[in-house]
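Colleague:
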Amino acid sequence: MAVLKQFAILFVLGSLGIVLFVMTSIPAIQQQLATLPAEVAAQVPPLWVILMLQGVQNAILLAIAILVGIFCTRPLGLRSHLLERWVSYPPKSTSFATEVKWSLGLGGVTTVVILLVNRLMEPALPPALQAANRGEANWLNTLTAMLYGGITEELLMRWGLMSLLAWAGWKLLQRRATSPGAAIYWGAIALTAVLFGLLHLPFTATIAPITTWVVIRAVLLNGIAGLAFGWLFWQYSLEAAMLAHISFHALIFVLNLLHVQAI
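According to the numbering used here, the sequence shown is numbered sequentially starting from 56.
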């Protein structure tokens with residue numbers, strides 16, 4: 056029963072981002088459909104079917120990640136405040152105020168570092184990607200990034216994938232240890248960060264051709280963020296990683312309004 060409660064809480068949270076992600080993807084899908092030859096377009100399912108399939112696929116991945124995380128995080132000592140307070144785990148004494156300071160601070164530092172690195176790399180990017188970097192601030196896309204990126208992606212990447220990699224590394228490399236060492240956690244954090252960057256390439260491909268420089272940029276920029284969010288998850292909680300990720304997108308939105316180049 057406790058597992059069902061944990062799953063329900065996290066799945067509802069993650070689904071909010073999926074709904075917004077599907078909604079905001081409509082213009083891009085319509086644009087892609089418009090470029091298809093008539094005979095090919097006639098074979099494509101209706102838009103609502105494409106959106107439904109997209110949502111179902113994301114929901115399945117989310118469900119798998121949540122279940123994996125539920126079974127891997129507890130023996131690893133990784134935590135979620137929501138689950139501790141609303142389900143069955145005894146809450147720990149760590150003050151969430153400390154986590155908020157670390158999350159917002161690290162989120163801000165990560166944003167600045169990524170903007171600076173991106174500025175250095177931008178001249179070598181395809182023109183279409185350079186133009187996308189200078190796009191106008193959009194509140195709906197930002198809200199989607201905050202909910203899908205800040206909540207859904209953290210459930211997929213940190214709660215699910217990172218905890219699985221840490222658990223597998225522990226059992227394979229340090230099976231005699233009562234708990235995994237720092238090297239196992241850092242390995243899981245780093246590998247998840249690299250995969251986090253690579254998984255952004257399919258979306259980038261809808262904007263510009265994928266070149267070696269584009270791949271390096273995706274891995275480097277998203278990897279920097281992934282290292283920061285992974286460390287917060289390890290040292291504090293899932294919510295700390297979520298808050299840092301959300302603050303990253305919020306700060307990007309503010310800087311866009313101020314006409315500062317974003318990623």
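Just so you know, even glycine gets a beta-carbon here, dropped at the ideal spot from N, CA and C.
Straight-line CA distance for Ile279 to Thr165?
Modeller: The alpha-carbon atoms of Ile279 and Thr165 are separated by roughly 7 Å.
Colleague: Alpha carbon to alpha carbon, how far is Ile169 from Glu94?
Modeller: C-alpha separation (whole angstroms): 43 Å.
Colleague: Using 7 Å as the threshold, is the C-beta distance between Val67 and Ile125 below it?
Modeller: Between Val67 and Ile125, the C-beta spacing is not below 7 Å.
Colleague: Restricting to runs no shorter than 4 residues, where is the alpha helix (DSSP H) found entirely within the segment 115–169?
Modeller: 136–141
Colleague: With respect to the alpha helix (DSSP H) encompassing Met297, which residues constitute its N-terminal and C-terminal limits?
Modeller: Counting along the chain, the alpha helix (DSSP H) containing Met297 begins and ends at 293–312.
Colleague: Using 10 angstroms around the beta-carbon of Asn113, count the other beta-carbons present and answer buried if the total reaches 16, otherwise exposed.
Modeller: Its Cβ being crowded by 16 or more others within 10 Å, Asn113 is buried.
Colleague: For Thr259, which of helix, strand or coil comes out of DSSP?
Modeller: In the structure shown, Thr259 sits in a helix (DSSP, three-state: H, G or I).
Colleague: Distance, Cα to Cα, Cys127 vs Lys60?
Modeller: Per the coordinates, the alpha-carbon of Cys127 lies some 16 Å from the alpha-carbon of Lys60.
Colleague: Taking the C-alpha atoms as reference points, what is the distance between Gln86 and Asn196?
Modeller: 17 Å
Colleague: Below 8 Å on the Cβ atoms is my contact criterion, and I expect Leu137 with Ala283 to pass it. Report the Cβ-Cβ distance as a whole number of Å.
Modeller: The C-beta distance from Leu137 to Ala283 rounds to 21 Å, too long to meet the 8 Å contact threshold.
Colleague: Are the beta-carbon atoms of Asn277 and Gly236 separated by less than 7 Å?
Modeller: no
Colleague: Hey, Met217 and Ala243: beta-carbon distance below 7 Å or not?
Modeller: yes
Colleague: Determine the extent of the alpha helix (DSSP H) in which Leu71 is found, giving its start and end residues.
Modeller: From DSSP, the alpha helix (DSSP H) with Leu71 extends over 57–79.
Colleague: In the DSSP assignment, find the unbroken alpha helix (DSSP H) run with Tyr240 in it and report its ends.
Modeller: 237–253
Colleague: Given a threshold of 16 other Cβ atoms within 10 Å of its Cβ, counted over all protein chains shown, does Val77 qualify as buried or as exposed?
Modeller: With 16 or more Cβ atoms within 10 Å of its Cβ, Val77 is classed as buried.
Colleague: Would a C-beta distance cut-off of 7 Å place Met297 and Gly205 closer than the cut-off?
Modeller: yes
Colleague: What did DSSP end up calling Val270 once you bin it into helix, strand or coil?
Modeller: Correct three-state label for Val270: helix.
Colleague: I believe Pro181 touches Ala263 by the beta-carbon criterion, under 8 Å. Please report the beta-carbon distance rounded to the nearest angstrom.
Modeller: Indeed they touch by this definition, with Cβ atoms about 4 Å apart.
Colleague: Which one of Thr266, Trp141, Tyr291, His300 has the shortest CA to CA distance from Met56?
Modeller: Trp141
Colleague: With Trp225 as the anchor, note down where its alpha helix (DSSP H) starts and where it stops.
Modeller: 218–228
Colleague: Between Val99, Met201, Leu210, Leu198, which lies nearest to Ala63 when the distance is taken from Cα to Cα?
Modeller: Leu210
Colleague: Is the Cβ-Cβ distance between Gly215 and Ala120 less than 7 Å?
Modeller: Yes, they are a contact pair.
Colleague: Report buried or exposed for Phe288, applying the criterion of at least 16 other Cβ atoms within 10 angstroms of its Cβ.
Modeller: buried
Colleague: Thinking C-alpha only, which one of Ala179, Leu106, Leu310 is nearest Thr267?
Modeller: Ala179
Colleague: Excluding the 5 residues preceding and the 5 following Gln109 in the sequence, name in chain order all residues of the same chain whose CB lies nearer than 6 Å to its CB.
Modeller: Val77
Colleague: Look at the alpha carbon of Gln316 and the alpha carbon of Ile271, and state the distance between them as a whole number of angstroms.
Modeller: Summary for Gln316: the model assigns pLDDT 46, below 50, so the residue's position carries little reliability; its value from the coordinates is reported in the next sentence. Going by the C-alpha atoms only, they are around 19 Å apart.
Colleague: Can you give me the Cβ contacts of Met176 inside the same chain, cut-off strictly under 6 Å, excluding the 5 residues immediately before and after it?
Modeller: Arg272
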